[in-house]
Amino acid sequence: MPHRIALIPGDGIGVSVTDAAMAVAHKAAPGLLQTQTFAWSCETYLETGRMMPEDGIDTLRGFDAIFLGAVGWPAKVPDAVSLHGLLLPIRKAFVQYTNIRPHRLLPGVQGPLRKDGFDILCIRENTEGEYSGAGGRVHQGTGDEVAVETAIFTRAGVERILRFGFEQAMGRRKKLASVTKSNAQKYSMVFWDEVTRDLAAEFPQVEVSHYHVDAIAARMVMAPESLDVVVASNLFGDILTDLGAAIQGGLGFAASANIDPTRKGPSMFEPVHGSAPDIAHLGIANPIAAIWSLVMMLEHLGEGPAAARIMAAVEATTAKGIGTVPGQDTTDQITAAILSALEA
Ligand code: NAD
Ligand code: IPM
Ligand code: MN
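Number 190 in full-length UniProt numbering belongs to position 190 of the sequence shown; there are no gaps in the numbering.
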């Protein structure tokens, strides 16, 4: 039985990297994925006033997984409208509370921050924290204006993401870095530290380190080999994973999986990067982040051999120097090289 996949290419380079990933999927495992494309995007918003139809979430519910390119066209639609109309509601509706973002070096990739030994798994809390959407503005537009954005951290939410991180650490190098800013944020982050300590007692084999987010950002660059699993809140995880991408060589390399580990609803797979309006019409978007996200989707669907074949083809391609320098090769050239590596 093929897996039923909802494809949301979205905006900008989201469309071309999704096309690339699907070409690779169909070549590596013909017939394995049965895709249905949803043209939900900022263009849809300009035509209909909605990023997705009212029953969009219900439509997605019937799929085995969702694959998303990128959302956002800030010149035409405010980001707070587009992202809160499509990407963020999907993460919340399907309780995709775990955002798994692996960062490791591919052979041949160049980059100013590249350092041997960089191989971390960022586990980002994905449904609450700083992205809770709680807050408001008063006295708008006046000199007395006040804007409040409340970060909400629940025990259930913090415990489940940290537990997931500890479980991942058990399957890796048994090191977990818990990220906070508990020197400045005295409620939520002190609470996060306490939950980390409670769980550490359940996983005595795991070596736990507590880092402030500013310090771990520097450590990721200066001493990445000292880090393995990194667990962070929604906003801190967001920022650290763009840094992780940069250390890998660029935004075009970082993949992600938005997972509901209980599998009650579909999980969603997407590159870490956005719609890149600055290069959207140049044909030079690197499709590797999207293709690596496809690999994560296939692993999630129990298709390990197909996932491994694709990852090997990506690595064989970068090892030859193709797709390794931003802007040097076109999306089509990189995709073609991966497709031909799949034949080898
Ligand atoms: P971005 O990730 O789109 O781009 C940042 C920089 O990285 C740009 O210079 C871009 O050209 C480069 N880049 C990104 N992906 C690349 C790729 N695959 N190959 C080569 N270069 C690549 O971030 P931004 O500019 O802050 O955001 C643009 C839009 O995307 C905004 O609307 C933003 O809200 C949205 N966004 C969406 C997602 C998502 O849908 N998951 C993620 C991040 C940003
Ligand atoms: C990401 C993106 C999103 C996030 C934005 C577009 C809302 O930056 O997936 O990393 O912050 O989660
Ligand atoms: Mn981000």
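Even glycine gets a Cβ: it sits at the ideal position worked out from N, Cα and C.
Listed as beta-bridge partners of Cys122 by DSSP are Arg101, Val230. When Asp11, Met189, Ile239 are compared, the shortest CA-CA separation from Pro277 is found for Asp11. In this structure, DSSP gives Pro30 a state outside helix and strand, which the three-state scheme calls coil. Within the segment 54 to 87, the runs of beta strand (DSSP E) at least 3 residues long that lie entirely inside it are, in chain order, 65 to 70.
Relative to the non-hydrogen atoms of the ligand IPM, the Cβ of Leu7 never comes closer than 6 Å to any of them. When the five nearest sequence neighbours on each side are left out, the beta carbons in the same chain lying within less than 6 Å of the beta carbon of Ser182 are those of Met189, Val190, Asp193, in order along the chain. A distance below 8 Å between beta-carbons, with the five flanking residues on each side excluded, links Ala23 to the following residues of its chain, in chain order: Thr335, Leu339. In this structure, Gly31 lies near Pro2, with their beta-carbon atoms less than 7 Å apart. By the CB criterion at 7 Å, Gly327 and Ile288 fall outside the cutoff.
Between the C-alpha atoms of Val81 and Glu149 there is a straight-line separation of about 16 Å. Distance from the C-beta of Asp238 to the nearest heavy atom of the ligand IPM is below 6 Å.
The Cβ atoms of Gly135 and Asn234 do not sit closer than 7 Å to each other.
Going by beta carbons, Pro9 and Thr318 fall outside the 7 Å limit. Taking the Cβ atoms as the reference, Thr127 lies roughly 6 Å from Val95, within the contact range of under 8 Å. Nearest to Ala308 by C-alpha distance, out of Ala245, Leu301, Lys320, Val295, is Val295. Within the same chain, and ignoring the five residues on either side of Leu83 in sequence, the residues whose Cβ sits closer than 8 Å to its Cβ are Val71, Gly72. Listed in chain order, the non-local C-beta contacts of Ser132 below 6 Å within the same chain comprise Ile152, local neighbours out to five positions each way being set aside. Thr324 counts as buried, since at least 16 other C-beta atoms from the protein chains shown sit within 10 angstroms of its C-beta. Residue state for Thr35 is assigned as strand, using DSSP reduced to three classes. Per the Cβ contact rule, the segment 213 to 232 is in contact with the segment 166 to 182 (3 or more Cβ pairs under 8 Å). In this structure, Glu303 lies away from Leu68, with their beta-carbon atoms at least 7 Å apart.
For Tyr45, the enclosing alpha helix (DSSP H) has its first and last residue at 42 to 48. Here Phe94 carries a coil assignment [DSSP, helix/strand/coil]. At least one heavy atom of the ligand IPM is found less than 6 Å from the C-beta of Leu83. Look at Thr180 here: in three-state DSSP terms it is strand.
Gln140 is classed as exposed because its beta carbon has fewer than 16 other beta carbons within 10 Å across all chains shown. Beta-bridge partners assigned by DSSP to Arg137: Ala147.
Distances between the C-beta of Glu167 and the heavy atoms of the ligand NAD are all 6 Å or more.
Runs of alpha helix (DSSP H) with 4 or more residues, each lying fully within the segment 215 to 268, are found at 234 to 248, listed in chain order. Under a 10 Å Cβ-count criterion, Ser275 is classified as buried, with 16 or more other Cβ atoms of the shown protein chains found around its own Cβ. Taking Thr154 as the centre and dropping the five residues before and after it, the same chain places the C-beta of Glu128 closer than 8 Å to its C-beta, in chain order.
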